[in-house]
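Colleague:
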Amino acid sequence: METSSKENAQFFSNNAILPVDGSSFKSESSASKEKQSCCGGIKIFVGALSFVYFAKALSGSYLKSTITQIERRFDIPSSLVGVIDGSFEIGNLLIIILVSYFGAKLHRPRIIGAGCLIMSAGTFLIAMPQFFMGQYQYERFPSTTNSTVNISPCLQDKIQIPLSASEKSQAKINAGCEKEAGSSMWMYVLLGNLLRGIGETPIQPLGITYIDDYAIEENAALYIGCVQTVAIIGPIFGFLLGSLCAKLYVDIGFVDMDSVTITHKDVQWVGAWWLGYLIAGVISVLASIPFWFLPKHLPKTERRKDSSTSSEQSKFITEDNKEQHKSYQQEKIAEMAKFLPSLKNLFGNTVYLLYLCASIIQFNSLIGMVTYKPKYIEQQYGQTSSKTNFVIGLINIPAVAFGIFSGGLIMKKFRINVLGAARLSLGSSFFGYLLLLSLFAMGCENSDVAGLTMSYHGTKWMTDYEQALFAECNSGCACSKNDWDPICGENGVTYVSACLAGCQASNSSGKNTVFFNCSCVGTSESPSRSSSAVMGPCQKGNECPKMFLYFLVISVITSYTLSVGGTPGYILLLRCTQPHLKSFALGIYTLAIRVLAGIPAPVYFGVAIDTTCLKWGSKRCGGRGACRLYDSRALRYVYLGLTLMLGTVSIFFSVAVLWVLRKRSSPQDETLSANGERGACGTKSRKDNFVNSDHLIQTTYWPEKETRL
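Going by my numbering, the residue at position 708 of the sequence shown is 713; the numbering climbs one at a time, nothing skipped.
1. Taking only the alpha-carbon atoms, compute the straight-line gap between T214 and D490 and give it to the nearest angstrom.
2. By DSSP, does A363 sit in helix, in strand, or in coil?
3. Who are the Cβ neighbours of S28 in its own chain at under 7 angstroms, not counting the five residues just before and after it?
4. With distance defined between alpha-carbon atoms, name the residue in L196, L634, F344 nearest to G96.
5. Could you tell me whether the stretch 199-214 touches the stretch 97-107, using the rule of 3 or more Cβ pairs below 8 angstroms?
6. Ends of the beta strand (DSSP E) at W621?
7. Please confirm if the stretch 118-136 is in contact with the stretch 607-623, defined as three or more CB-CB distances below 8 angstroms between the two stretches.
8. Give the secondary structure of A631 by DSSP, where H, G and I count as helix, E and B as strand, and everything else as coil.
9. On a CA-only basis, which of D80, S64, F107 is nearest A132? Give me that one, please.
10. Grab the span of the beta strand (DSSP E) containing Q509 for me, first residue to last.
11. Specify the secondary structure class of M447 as computed by DSSP and reduced to three states.
12. Pair every Cβ in the stretch 430-439 with every Cβ in the stretch 588-600, then say whether three or more of these pairs are closer than 8 angstroms.
13. Rounded to a whole number of angstroms, what is the C-alpha to C-alpha distance between S316 and P550?
14. Give me the Cβ distance between L577 and A363, rounded to the nearest whole Å; I'm assuming they're in contact under 8 angstroms.
15. Can you tell me which of M262, Y254, T355 puts its alpha carbon nearest to the alpha carbon of R669?
16. Just how far apart, CA to CA, sit W278 and S564?
17. Just the Cα atoms here: how many angstroms apart are G497 and G387?
18. Count the other CB atoms, across all protein chains shown, that sit within 10 Å of the CB of D263; report buried if there are 16 or more and exposed otherwise.
19. If we call anything under 8 angstroms between Cβ atoms a contact, is D217 one with A225?
20. Helix, strand or coil for I598? Go by DSSP, reduced to three states.
21. Between the stretch 66-81 and the stretch 568-583, can you find at least three pairs of beta-carbon atoms closer than 8 angstroms?
22. Considering just the uninterrupted stretch of the beta strand (DSSP E) at A538, what are its terminal residues?
23. Assuming S370 and G652 form a contact by the criterion Cβ under 8 angstroms, report the distance between their Cβ atoms to the nearest whole angstrom.
24. Going by the DSSP bridge assignment, what does C523 pair with across the sheet?
25. Can you tell me whether W664 is buried or exposed? The criterion is at least 16 other CB atoms within 10 Å of its CB, across all chains shown.
26. Might you give, ordered along the chain, the residues of its own chain that have their beta carbon closer than 7 angstroms to the beta carbon of N451, omitting 5 neighbours on each side?
27. Measure from the C-beta of L99 to each C-beta in chain B and report whether the shortest distance is under 8 angstroms.
28. Let me check understanding here. Comparing Cα to Cα, which of F259, V194, L111 lies closest to F129?
29. In terms of alpha-carbon separation, which member of A53, G239, W191 lies closest to G212?
30. Pick helix, strand or coil for A503, following the three-state DSSP scheme.
31. List the DSSP bridge partners of Y254.
32. On the DSSP bridge list, what partners appear for G494?
33. Contact defined as beta carbons within less than 8 angstroms: I believe I238 pairs with F59. What is the distance between those atoms, to the nearest angstrom?
34. With P82 and G373 assumed to form a contact (beta carbons below 8 angstroms), what rounded beta-carbon distance in angstroms separates them?
35. Mind checking which residues open and close the alpha helix (DSSP H) that includes K110?
36. Who are the Cβ neighbours of V561 in its own chain at under 7 angstroms, not counting the five residues just before and after it?
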C-alpha cells in the first residue's frame, strides 16, 4: 500500500499499515500521479452528478408549478391531481430497496446514467397528451368569439340566435363529446411521473455513496456541498420556467393567438404546461451522457483506506446491536446476505425509529403544503399562476437554500454533537410551525360572487352558503347554472355569467367585451337601475394585496427556519446508525418517507381542499370537472390547519428523540462538549470530533428537500 505524499505518510505514521514490499512509500512522482488521477475522476463525477441533481430538481419543481394548469387542462379535481403527484413516489417505491441494498455491487455510474434516461422518458411522456387531445375549449359567451354576430347574453327568446350560428355551436359541442374520452389522457401524466420516480431512484443513494467512497475525506464535504447547492438552483429555475410557460397559451403554435379571447389573468386560462416538460426531458438526456464513460471504481487514497469509525458515531449504538469484530469488507458481504437481520437491528435502534416517525409526519405536513402552495396563493390572494410561480422560485427557494447552508454552518462552526443537533432540529421545527400559525390572520375574505357568497340583493351569507344562482332579476333569461364565465359588475360584484347577471346587450368582442343593461347589476344607491359589466371576475378587496405581502414575508421566514433544522436532523440519523448499515438506513428512511408521506399526503390534502369548493365546473358531456371557485376562509383553515396539526405531532416525536439522547448521554459529556473537547457521543479528541463532523456534514440530502418551502 502506498501513501499519497510524504505529509500524509507522516500524518498516518502511527497507524499506517506497512506495505507488502517493505518500502514505506514510492517515488513522489508516482504518488502525485495517483492522487491526480483520483482527484480528476472524482471531480468529473461530482460535476456530472451536480448536473443530474439540477435536472431532477428542475423537473420535480416544474411539476409542482403546473398543478393548477394540469387540473384545468384535464378538468379534474385536486384529489386526482394529488394521485398524479404521488405517482412519483410510487415509482421510487418499486425499486428503491433493490437499488439502495444491492446497488453498491454494480456499476454505479452507469446505473445513474440509465436512471437519467428513464427519467427523461417519463418527462416526455407527461407532455404527450397535449399533442393528442385537441385544442383547449374554455367557456365563453358566444358573441366574444364572433364579432359579426351580437347575441344577447340574456336569451329571453332562443330564436334570437341565428340558425347557422346555433347549428355551428351544437356541432362543436357534439365534436367535443366525441373527444370526451381524451379527458382520460391524464393517465399518461400519471404514468410519466411514475417513470420519473423510477429513474430518479438510484441518483441519490448511489451518487452520494460513490463520492463518500472515493473522495478524500476533507474534500468530501465540499463535493457534497457543491452537489446540494446545484440541487437548490434546480427548483429556482423550475418555478421560473413554470412562470414563463404559464404566460404562454396552452395551444400556442397550434392556433391563431388573435382568436384567443382570454388572457393569462383569466380564471380559465391554461398556460403551455407541456413546453417545460419537453425542456426538462432534454436536460435529463444531456445529464445522462457523462455517466456512460465513468469507471466502476476509482483508486482510493491512503487516507480513505485508513479511516476509522468515530466513537461518537457508535456511542448510541446499543451493545445488543453490535456484532463480533470483523473487517469492514467482511461485514458488508455478510450483511448482503442478511436482509431481515439487518432490518431488525436497524429498527432496534430507538433513536433511529423515533426520528423516522418524526420525519414521516413532518414530511406529510411539508409535502402537502408545498404541493398545493401555488393553488393556495392563487385562490386565497387572487394571484395569477405566472406570478405565483415567479414568487415561489425567486423568494421561497433561496430562503430554503440559505437555511440549509446555515444549518450546516452552525453544525461545523460550533462543533455541535448529536444532542445539540437534536436540539437544533427540534427548535427549528417548533419556531417554524409557530410562525406558520400567524398565517391564519393573513388571509383574504371571499370575493363577492352573486348567488355563491352573497345574494343578488347584496346580503352576504355568513353561514353555509345557499347557492341560489337564479333570482327575480334573471328569471326571464334562459341561463345554465353549469356555466362559469364570470363578469365584473360596476357595483364590484362578480357574477357567474353574463346571462345570470341579466345582461341584455353587449358591444365589442373578445377580451374587451362590455355588457349593458344588466338587470342584476344594480348599485346600492339605485338597485332598480340597470348597469354594465366587463369580462372577468372582480379583484379581491383592497386589503388583499397588503395581506399577500405579509404572507410572503412570513412564508420566507418560515421556510428559512424549517430548513435550518434539516441538516442537523439528518446528521443525527447518520451518527446514531451502525456504519455498515448506513446505506441501508438511508434507503429505509427514504422508502418510509416515499410510502407514508410522499404518496398519501398530496391525495388527502387534495381531498380536504376539494371540500372547500363553492362552484364546480361541468364537462361538456356532463359530469363534474375542476373547481372554479373556493371558499377562501374554509380553504385557509383546511390548508394551514392540516399542515400545522401534522407539524405539531412531529414535534412530539422530536421531543422523544431528545429525551432518549439525554437519557443515554452522561452529564460529563454535556459539560465537556461545551468546551469542544468531547461531544455528547464521546469523541476521543478535538481532532476526531472535527474530522468526523466534516465527514458527516457532507451528506445533507433528504427526500423532497428541493421543494421544501
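Think of the CB as a built atom: it goes at the ideal place given N, C-alpha and C, for glycine as much as any other residue. As the structure is a prediction and not an experimental result, all values here were calculated from the model.
Modeller: Looking at the coordinates:
1. Those two C-alpha atoms are separated by around 55 angstroms.
2. Residue state for A363 is assigned as helix, using DSSP reduced to three classes.
3. Because S28 carries a pLDDT of 43, less than 50, the predicted location of this residue cannot be relied on, and no value is offered for it.
4. The residue from L196, L634, F344 with its alpha-carbon nearest to that of G96 is L196.
5. Touching, yes.
6. Residues 618-623.
7. Verdict: no, contact absent.
8. The answer is strand: DSSP assigns A631 an E or B state.
9. The shortest C-alpha separation from A132 is found at S64.
10. That run of the beta strand (DSSP E) goes 508-512.
11. If DSSP states are grouped into helix, strand and coil, M447 belongs with coil.
12. Contact between the stretch 430-439 and the stretch 588-600 is absent: fewer than 3 CB-CB pairs across the two stretches fall below 8 angstroms.
13. Bear in mind that a pLDDT of 44 at S316, under 50, signals an unreliable position, so the model cannot answer this.
14. About 10 angstroms separates the Cβ atoms of L577 and A363, ruling out a contact at the 8 angstroms cut-off.
15. Closest option to R669, Cα to Cα, is T355.
16. Cα to Cα, the separation comes out at about 26 angstroms.
17. When the Cα atoms are used, G497 and G387 turn out to be separated by approximately 15 angstroms.
18. Exposed is the call here.
19. In contact: D217 and A225 (Cβ atoms closer than 8 angstroms).
20. In this structure, DSSP gives I598 a helical state, which the three-state scheme calls helix.
21. In short, these stretches do not touch, since the Cβ pair count stays below three.
22. For A538, the enclosing beta strand (DSSP E) covers residues 536-540.
23. At roughly 5 angstroms, the Cβ-Cβ gap stays under 8 angstroms, so S370 and G652 are in contact.
24. For C523, DSSP records a beta bridge to C508, S536.
25. The C-beta of W664 has fewer than 16 other C-beta atoms within 10 Å across all chains shown, which makes the residue exposed.
26. Within the same chain, and ignoring the five residues on either side of N451 in sequence, the residues whose Cβ sits closer than 7 angstroms to its Cβ are T458, D636, S637, R638.
27. Of the protein chains in this structure there is only one, and it is not chain B.
28. Measuring from the Cα of F129, the nearest candidate turns out to be V194.
29. Taking only the C-alpha atoms, the option nearest G212 is A53.
30. In the displayed model, A503 falls within coil according to three-state DSSP, outside both helix and strand.
31. DSSP lists G276 as partners of Y254.
32. Checking the DSSP bridge columns, you'll see G494 partnered with A538.
33. Confirmed, about 6 angstroms.
34. Actually they are not in contact, since the Cβ atoms of P82 and G373 sit about 16 angstroms apart, beyond 8 angstroms.
35. For K110, no alpha helix (DSSP H) run applies, since DSSP gives it neither H nor E.
36. Excluding positions up to five away in sequence, the list reads I400, N401, A404.
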